[in-house]
Ligand code: GDP
Ligand code: MG
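In my numbering, the protein residues as written are 1142 to 1361.
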């Protein structure tokens, strides 16, 4: 799949405006669960075993194609604020999708999922979609959170669930693509019922920077 950030597929698009939809996606969860690694794996296909300093990183952009639509993903990393739970409400603004991450070898990070979910529900747009991801599934020997518990919590919260590994590149791309698909599904549902939150009559995130006509169906 071609991407704006992957040099193997040729030059970066000459114009960043060249897309059908733009989705803002946030990766949240406790410190050290692997958020930055997950983003680097997806956007750059790289993994750095050393602790990655998040300071200074805002977001990465990746353009993907889903059903003939060019979708620009703006994926935000928390830049270390999660350490102190000082993530500002501005950070949540306009987000259409969340990857809520815990580490399967860290019970505390799993216990924090409920809190993060509450933050999402408090600060984000009602229709924002969330995927729960148990990262570091390559570390089976050190696992303390079973897949079953992960799945049960996801069911309870109404989120879809993946176990993944940024290190071994397991389910990383799948996670983002599934999130994009559920955003698209939600979007076309909302457009069908002419939800004013989506069509722009109410304050909500921009579906596209290109000002698509309000009742255009999402063909994703
Ligand atoms: P963040 O604080 O959530 O952004 O976490 P980082 O991406 O900085 O990762 C924290 C530590 O976990 C680093 O040492 C990473 O190399 C390591 N790490 C991240 N993802 C994985 C993974 O999937 N498997 C393993 N074994 N280690 C990982
Ligand atoms: Mg980080």
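Beta carbons are placed, not taken as given, at the ideal position from N, Cα and C, and that holds for glycine. All figures in this text were calculated on a predicted structure; none of them were measured in a lab.
Residue of the options minimising C-alpha distance to residue i
i: residue 1167; options: 1161, 1180, 1188 and 1158; result: 1180
i: residue 1266; options: 1213, 1188, 1277 and 1231; result: 1231
i: residue 1323; options: 1332, 1301 and 1307; result: 1301
i: residue 1178; options: 1254, 1219 and 1164; result: 1219
i: residue 1164; options: 1318, 1334 and 1330; result: 1318
i: residue 1299; options: 1211, 1173, 1255 and 1159; result: 1255
i: residue 1407; options: 1253, 1283, 1247 and 1261; result: It is not possible to answer for residue 1407, since the shown part of the chain is limited to 1142 through 1361.
i: residue 1171; options: 1228, 1243 and 1327; result: 1243
i: residue 1200; options: 1176, 1210 and 1211; result: 1176
i: residue 1327; options: 1308, 1304, 1279 and 1268; result: 1268
i: residue 1285; options: 1248, 1273, 1312 and 1211; result: 1248
i: residue 1308; options: 1229, 1292, 1186 and 1253; result: 1186
i: residue 1174; options: 1333, 1280 and 1334; result: 1280
i: residue 1162; options: 1184, 1207 and 1296; result: 1207
Extent of the continuous alpha helix (DSSP H) to which residue i belongs
i: residue 1315; result: 1313-1333
i: residue 1158; result: Run containing residue 1158: none; DSSP gives neither H nor E here.
i: residue 1179; result: 1176-1185
i: residue 1288; result: 1288-1298
i: residue 1230; result: 1230-1233
Where residue i sits in the DSSP three-state scheme
i: residue 1268; result: coil
i: residue 1303; result: strand
i: residue 1254; result: helix
i: residue 1201; result: strand
i: residue 1164; result: strand
i: residue 1279; result: coil
i: residue 1261; result: helix
i: residue 1273; result: strand
i: residue 1346; result: Its pLDDT being 47, under 50, residue 1346 is placed unreliably by the model, and the measurement read from it follows with that caveat. Residue 1346: coil per DSSP, three-state reduction.
Residues bridged to residue i (per DSSP)
i: residue 1211; result: 1206
i: residue 1285; result: DSSP output for residue 1285 lists no bridge partner at all.
For residue i, the first and last residue of its enclosing beta strand (DSSP E)
i: residue 1238; result: 1238-1244
Contact test: residue i Cβ vs ligand 3 heavy atom, cutoff 7 Å
i: residue 1218; result: Among the ligands present in this structure, namely ligand 1 and ligand 2, ligand 3 is not found.
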